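K.L.:
Let me give you the structure first, and then I'll get to my questions.
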Amino acid sequence: MKTILVPTDFSEQARNATRLAAEIARKGNAKIVLVTVIEGSRNFSFNTMGEAADAVGEEAFFINKLIEIQKEHLQNAAEDSALSGLTVETVLEMGSPYEGISQVIADRKADLLVMGTKGSSGLDEILIGSNTEKVVRYAKCPVITVKDEVSLSDIQNIVYATDLTTDQSQFINQIKEMQALTGAKIHLLKVNTPNHFYTERQMNDSFDKFIKKHGLENVTVNIYNEATEEDGILYFAEDLGSCMIAIATHGRTGLLHLLTGSIAEDLVNHATIPVMTLSMKK
């Protein structure tokens, strides 16, 4: 792990993400890239002075003033005591937060993204969604979302929710790396629902093969019966305590996403503990 990207809007949740990212960077000998995105109806390019090159008149005045303020906030964020002794780069983008973050992931070849989220529910969740959800759905690197303050020492258990069927080798390698950083126990979890039910005998054989295939150690296998997969994952993690949830997302779009939704994105919205995701969309 060489580069950890931390998007920030300078909120409490973003600071919590920054501090967790700093711990990971310190243990993994990685650098931190702090990025903030000025959201607007259109993108601007920057000139050599770091100003909006294609803005004119009053628009130029207000945009450049906003850039100046955000750069100051970004520099203050980079001087957080949690980042002391680490290599920290700051990046300012303009336009869509999702597109800006995605561009920095590609440009910096980020190995991990740690992102604060306030979550959402009700009408906001249905109609608007959050920038975090879009990043979770499409990001080309693993994403850890954080709401409350958390340290690596708090993560004693990693609940890896999986159907054991899809090829998630890349994600499993990231989970094992997180296990190495935290010393956590991995808990493989299959949630049985009324519409998708498997016997313990069926699942135990699948679990054994899965563990051997991926060389997992310090691991337990668990079957949890609940009305929905999301509730099963949340309740299991709550009962266990000191957890991070790990789950892959399939990056569905359009009508398919509207009809089927995404368990990973729902967990990001509703879980109070860190959630680690990786998009399986090719």
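Position 112 of the sequence shown, counted from 1, bears residue number 364 in our numbering, the numbering being contiguous throughout. Glycine included, every Cβ here is placed at the ideal spot set by N, Cα and C. Since the structure is predicted, the reported quantities are computational estimates derived from the model, not experimental observations.
Mind checking residue 497: buried by the 16 CB within 10 Å criterion, or exposed?
P.N.:
buried
K.L.:
May I have the straight-line CA-CA distance separating residue 479 from residue 454, to the nearest angstrom?
P.N.:
20 Å
K.L.:
If contacts are defined as beta-carbon pairs under 8 Å, then residue 532 and residue 364 qualify, I think. What distance do you get, rounded to the angstrom?
P.N.:
17 Å between Cβ atoms; not a contact.
K.L.:
Please report the Cβ distance between residue 369 and residue 399, rounded to the nearest whole angstrom; I am assuming they are in contact, meaning their Cβ atoms lie under 8 Å.
P.N.:
6 Å
K.L.:
Quick check on this structure: which residue in 312, 274, 329 and 282 has the alpha carbon closest to the alpha carbon of residue 263?
P.N.:
329
K.L.:
Residues bridged to residue 413 by DSSP?
P.N.:
441
K.L.:
Identify every run of the beta strand (DSSP E) within the segment 309-354, keeping only runs that are complete inside it and at least 3 residues long; order them along the chain.
P.N.:
340-346
K.L.:
Counting beta carbon pairs with one atom in the segment 453-472 and one in the segment 383-397, are three or more of them shorter than 8 Å?
P.N.:
no
K.L.:
What number of angstroms, rounded off, separates the C-alpha of residue 440 from the C-alpha of residue 413?
P.N.:
If you take the alpha carbons of residue 440 and residue 413, they lie about 6 Å apart.
K.L.:
Is the shortest distance between the beta-carbon of residue 314 and the beta-carbons of chain D less than 7 Å?
P.N.:
In summary, chain D is missing from the structure at hand, where a single protein chain is found.
K.L.:
So which of 261, 339, 325 and 272 has the shortest CA-CA distance to residue 255?
P.N.:
Closest by C-alpha distance to residue 255, out of 261, 339, 325 and 272, is 339.
K.L.:
Considering only C-alpha positions, which residue in the set 408, 489, 484 and 351 is nearest to residue 524?
P.N.:
Of the candidates 408, 489, 484 and 351, the one whose C-alpha sits nearest the C-alpha of residue 524 is 489.
K.L.:
Quick one: grab the DSSP three-state call for residue 508.
P.N.:
Low per-residue confidence applies at residue 508: pLDDT is 39, beneath 50, and the placement is therefore not dependable enough to give any value.
K.L.:
Could you check where the beta strand (DSSP E) with residue 455 kicks off and where it finishes?
P.N.:
Looking at the DSSP string, residue 455 is not in any beta strand (DSSP E); the run it does join, the alpha helix (DSSP H), is 452-466.
K.L.:
Check each candidate in 362, 384, 316 and 336 and name the one with the smallest Cα separation from residue 349.
P.N.:
384
K.L.:
Report the three-state DSSP secondary structure of residue 274 (helix, strand or coil).
P.N.:
helix
K.L.:
With distances taken between CB atoms, is the gap from residue 462 to residue 492 smaller than 7 Å?
P.N.:
no
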